[in-house]
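Just below is one structure, and these are the notes that go with it.
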Amino acid sequence: MKVLVINCGSSSLKYQLLNPSTGELFAIGLCDRIGIANSKLEYEIPATDFELEINQDLPNHKIALELVVKTITDKEHGVVASIEEIDAIGHRIVHGGEKFAYSVMLDETVLAAIEENNELAPLHNPANLMGVRTCMELMPGKPNVAVFDTAFHQTMPAKAFMYPLPYADYTELKVRKYGFHGTSHLFVSNEMNRIMGNPEHSKIIVCHLGNGASITAVQDGKSVDTSMGLTPLQGLMMGTRCGDVDPATVLFIKNKRNLTDKEMDDRLNKQSGILGIFGKSSDCRDMENGIKAGDERAILAEDMMIYRLKSYIGAYSAAMGGLDAICFTGGIGENSAAIREGAVKGLEFIGAKIDTAINSTRKKGIVKLSTEDSRVLIYKIPTNEELVIARDTYKIVNENK
Ligand code: ADP
Numbered sequence: 261m262k263v264l265v266i267n268c269g270s271s272s273l274k275y276q277l278l279n280p281s282t283g284e285l286f287a288i289g290l291c292d293r294i295g296i297a298n299s300k301l302e303y304e305i306p307a308t309d310f311e312l313e314i315n316q317d318l319p320n321h322k323i324a325l326e327l328v329v330k331t332i333t334d335k336e337h338g339v340v341a342s343i344e345e346i347d348a349i350g351h352r353i354v355h356g357g358e359k360f361a362y363s364v365m366l367d368e369t370v371l372a373a374i375e376e377n378n379e380l381a382p383l384h385n386p387a388n389l390m391g392v393r394t395c396m397e398l399m400p401g402k403p404n405v406a407v408f409d410t411a412f413h414q415t416m417p418a419k420a421f422m423y424p425l426p427y428a429d430y431t432e433l434k435v436r437k438y439g440f441h442g443t444s445h446l447f448v449s450n451e452m453n454r455i456m457g458n459p460e461h462s463k464i465i466v467c468h469l470g471n472g473a474s475i476t477a478v479q480d481g482k483s484v485d486t487s488m489g490l491t492p493l494q495g496l497m498m499g500t501r502c503g504d505v506d507p508a509t510v511l512f513i514k515n516k517r518n519l520t521d522k523e524m525d526d527r528l529n530k531q532s533g534i535l536g537i538f539g540k541s542s543d544c545r546d547m548e549n550g551i552k553a554g555d556e557r558a559i560l561a562e563d564m565m566i567y568r569l570k571s572y573i574g575a576y577s578a579a580m581g582g583l584d585a586i587c588f589t590g591g592i593g594e595n596s597a598a599i600r601e602g603a604v605k606g607l608e609f610i611g612a613k614i615d616t617a618i619n620s621t622r623k624k625g626i627v628k629l630s631t632e633d634s635r636v637l638i639y640k641i642p643t644n645e646e647l648v649i650a651r652d653t654y655k656i657v658n659e660n661k
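As structure tokens, then:
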């Protein structure tokens, strides 16, 4: 079985061809700057370390996907003889709203239902759906499956997902907390449960820290609360997103600075977070270099990130009435020893003790970071969202046979 996983953004198309059962990765790559100047395709065969970059005009997603198909089926450096060898296509869809608590086989009815959620994710869902339609057109007859970022969080109880706004805003406008990064939180919490021997009851906190960052409380395998909300803006401080602020600041700044809605939205989503506080970059590595150079705003930015992370860990431990494990994942979670150490330092009172020596090694893969006498396990677990998408695709295709 070979599944093509597609993650289509407004100007990018990431792809992986993999075996959902073994996780074997045949090819991985992306098309970048679609519809913009200097577009290109990147292609890699991990098994042989073969890498290829094709600089070519990619005016739209259809042409980009055609190039992907051409590359993976190429006689010389392809990984399949023809598209016949591709059994199914799995698509990352950002917003499934309340309708989609599970992955689903895509057809016109499902596409129309997903389109209803476009308003909730105007930057992501239309691009995701364009990826689906392009695949249907270029590879007719192949099963296409939608895997949603929001689905894993549909188990949250109402007390966690409701906002204390007028009730009609929920019933009429669907305003509530949805949560994102669901495939990552599912994958990492499943891995943690497996490491713990799949106990009947478990209380796990997953910190997915990348450019976007969210934290989820997973009780008995189910998401019971998460930090992102109606959109991915709520919660932790991120690369360029502010995370939690007093909602009144939004109107205050907008009025004082005389900003349009778009300008205000950009300020919150693209100019805040690490970039807003540090000022020089949104990248965690640049911030950490700034700290080494004694940059006070870099130090403040990291302090704020850590403080907010720790506050959420405390809140979710209280919400679950205890804690068995804390997991770190994502570019920052997997690589920044300082953020991990900062987030759990001082949490000895809930039983979490980190081994600072192990934490500061650059060991790859799954690494146990807690000390032997720590009651709460602390782990670094590399995420694999594409594998979740491929596995779900395989499952749904088999169920529909
Ligand atoms: P995305 O949300 O775009 O998928 P990633 O999960 O790739 O993001 O994470 C990107 C973040 O990870 C960036 O802030 C980057 O600086 C950070 N990062 C990557 N490697 C390191 C490292 N060695 N040390 C600290 N931060 C790192």
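Quick note, the sequence shown lines up with residues 261 to 661 if you use the working numbering.
Cβ atoms here follow ideal geometry from the backbone N, Cα and C, with glycine treated the same way.
No experiment lies behind these values; they were computed from the predicted model shown.
Beta-carbon gap between residue i and residue j smaller than 8 Å
i       : j       : result
Thr-709 : Ser-462 : Nothing can be reported for residue 709: it is not among the residues displayed for the chain, which extend from 261 to 661.
Ile-353 : Ala-406 : yes
Gly-439 : Thr-394 : no
Thr-653 : Gly-350 : yes
Ile-641 : Leu-629 : no
Ile-656 : Ser-363 : yes
Thr-669 : Ala-324 : Absent from the structure is residue 669, since the part of the chain shown begins at 261 and ends at 661.
Met-488 : Val-510 : no
Val-627 : Phe-447 : no
Leu-496 : Arg-436 : no
Ala-597 : Leu-637 : no
Ile-464 : Val-478 : yes
Gly-295 : Pro-280 : no
Leu-290 : Glu-646 : no
Val-392 : Asn-378 : no
Alpha-carbon spacing of residue i relative to residue j, whole angstroms
i       : j       : result
Thr-631 : Phe-609 : 14 Å
Ala-553 : Ile-566 : 19 Å
Ile-314 : Pro-400 : 26 Å
Tyr-380 : Ile-599 : Correcting the residue type first, residue 380 is Leu in the shown sequence and not Tyr. If you take the alpha carbons of Leu-380 and Ile-599, they lie about 31 Å apart.
Arg-568 : Ala-473 : 11 Å
Ala-361 : Thr-410 : 8 Å
Cys-587 : Lys-335 : 43 Å
Glu-548 : Arg-622 : 16 Å
Met-564 : Thr-369 : 45 Å
Asp-546 : Asn-471 : 13 Å
Tyr-275 : Glu-594 : 22 Å
Gly-602 : Leu-327 : 45 Å
Phe-286 : Val-339 : 7 Å
Leu-398 : Thr-589 : 35 Å
Ser-542 : His-355 : 25 Å
Leu-469 : Tyr-639 : 14 Å
Phe-669 : Ile-592 : What is shown of the chain runs 261 to 661, which leaves residue 669 out entirely.
Asp-317 : Ser-299 : 6 Å
Glu-376 : Cys-544 : 36 Å
Glu-254 : Ala-508 : Nothing in the structure corresponds to residue 254, since the chain is present only between 261 and 661.
Asn-458 : Asp-292 : 40 Å
Gly-581 : Ala-612 : 15 Å
Ile-288 : Glu-358 : 31 Å
Gly-550 : Leu-560 : 11 Å
Glu-344 : Val-466 : 38 Å
Lys-540 : Ala-558 : 9 Å
Asp-615 : Ser-449 : 21 Å
Leu-607 : Ala-578 : 13 Å
Ala-650 : Lys-262 : 9 Å
Glu-304 : Leu-312 : 6 Å
Lys-661 : Met-365 : 11 Å
Leu-383 : Ala-373 : 17 Å
Buried or exposed (CB count within 10 angstroms, at least 16 for buried), residue i
i       : result
Lys-330 : exposed
Phe-412 : buried
Glu-556 : exposed
Phe-512 : exposed
Asp-367 : exposed
Ile-573 : buried
Thr-443 : buried
Gln-494 : buried
Lys-624 : exposed
Asn-515 : exposed
Glu-451 : buried
Gly-283 : exposed
Gly-536 : buried
Ser-620 : exposed
Ala-418 : exposed
If you scan the region 427–513 from start to end, which runs of the beta strand (DSSP E) of 3 or more residues do you find wholly inside it?
463–469, 473–479, 482–486
Are the region 264–272 and the region 387–399 touching by the rule of at least three beta carbon pairs closer than 8 Å?
yes
In chain order, what are the residue ranges of uninterrupted alpha helix (DSSP H) at least 4 long that sit wholly in the region 529–578?
533–538, 544–552
If contact is defined by three or more beta carbon pairs under 8 Å, each pair taking one atom from either stretch, is the region 419–432 in contact with the region 307–327?
no
Could you pull out every unbroken alpha helix (DSSP H) segment of at least 4 residues lying fully inside the region 326–409, listed in chain order?
368–375, 385–398
Three Cβ pairs or more, each shorter than 8 Å: is that satisfied between the region 493–502 and the region 530–550?
yes
Hey, which unbroken runs of the beta strand (DSSP E) at 3 residues or more fall wholly within the region 574–648?
585–589, 637–640
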